[in-house]
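If you read the sequence shown in my numbering, its first letter stands for residue 15, the second for the next number, and so on.
Glycine residues also receive a C-beta, built at the ideal position from the N, C-alpha and C atoms.
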Amino acid sequence: MSVLIDTVAWVRIEDGRILCARPRGKDVFYIPGGKREGAESDLETLVREIKEEVTVLLDPKTVVHVGTYEAGAPGIPDGTVVRMACYTAEYSGELVPSSEIDEVAWFSYGDRERVPPVDQLLFDDLHAAGKLK
Numbered sequence: 015m016s017v018l019i020d021t022v023a024w025v026r027i028e029d030g031r032i033l034c035a036r037p038r039g040k041d042v043f044y045i046p047g048g049k050r051e052g053a054e055s056d057l058e059t060l061v062r063e064i065k066e067e068v069t070v071l072l073d074p075k076t077v078v079h080v081g082t083y084e085a086g087a088p089g090i091p092d093g094t095v096v097r098m099a100c101y102t103a104e105y106s107g108e109l110v111p112s113s114e115i116d117e118v119a120w121f122s123y124g125d126r127e128r129v130p131p132v133d134q135l136l137f138d139d140l141h142a143a144g145k146l147k
């Protein structure tokens, strides 16, 4: 029986680089976002998670779905799949790592190996589209 880990992620690209975050106590970077709580919509999850992780407020009127990706991942049981629905959005505030996040960084395509498999699929698409250096 397969298990689905359902997540949403905020795709923020500036100058050909994508925003990534390294959660406290982990050595892997992720696209900012996370798992929904209860019956939250993708939008509600996205806005909450981004405020919790990088302390900015997304503008719900500017949210655009850019793709949904699925992949397994190291450190999770076989048959477990991570689904990541990715969205762009404008924001207000200053990007600052919260207490959940040890570090934020702007990654180019050359940093692809530093993120999990599901994030690598997004990197591939963004690179192919000329959006990621």
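Separation of residue j from residue i, as counted between CA atoms
i: Arg83; j: Glu67; result: Per the sequence presented here, residue 83 reads as Tyr, with Arg not at that position. Going by the C-alpha atoms only, they are around 21 Å apart.
i: Ala119; j: Glu28; result: 11 Å
i: Phe137; j: Pro37; result: 19 Å
i: Arg62; j: Glu117; result: 19 Å
i: Val42; j: Ala53; result: 28 Å
i: Ser122; j: Glu51; result: 31 Å
i: Gly93; j: Val132; result: 14 Å
i: Val129; j: Val80; result: 18 Å
Three-state class that DSSP yields for residue i in the structure shown
i: Gly124; result: helix
i: Leu136; result: helix
i: Ala142; result: helix
Nearest to residue i (by Cα), restricted to the options the options
i: Ser113; options: Lys65, Thr59, Leu18 and Asp73; result: Lys65
i: Lys75; options: Ala35, Ser55, Glu104 and Gly47; result: Glu104
i: Ala143; options: Leu72, Gly30 and Val70; result: Gly30
i: Pro111; options: Ala23, Tyr123 and Leu33; result: Leu33
i: Val17; options: Pro46, Ala99, Arg126 and Ala87; result: Ala87
i: Ile115; options: Thr69, Leu57, Met98 and Asp92; result: Thr69
i: Leu140; options: Cys100, Asp56 and Gly39; result: Cys100
Unbroken beta strand (DSSP E) run spanning residue i, endpoints
i: Leu18; result: Val17 to Trp24
**Study point:** Ordered list of beta strand (DSSP E) runs contained in the stretch 32-96, each at least 3 residues
**Key:** 47-49 and 78-85
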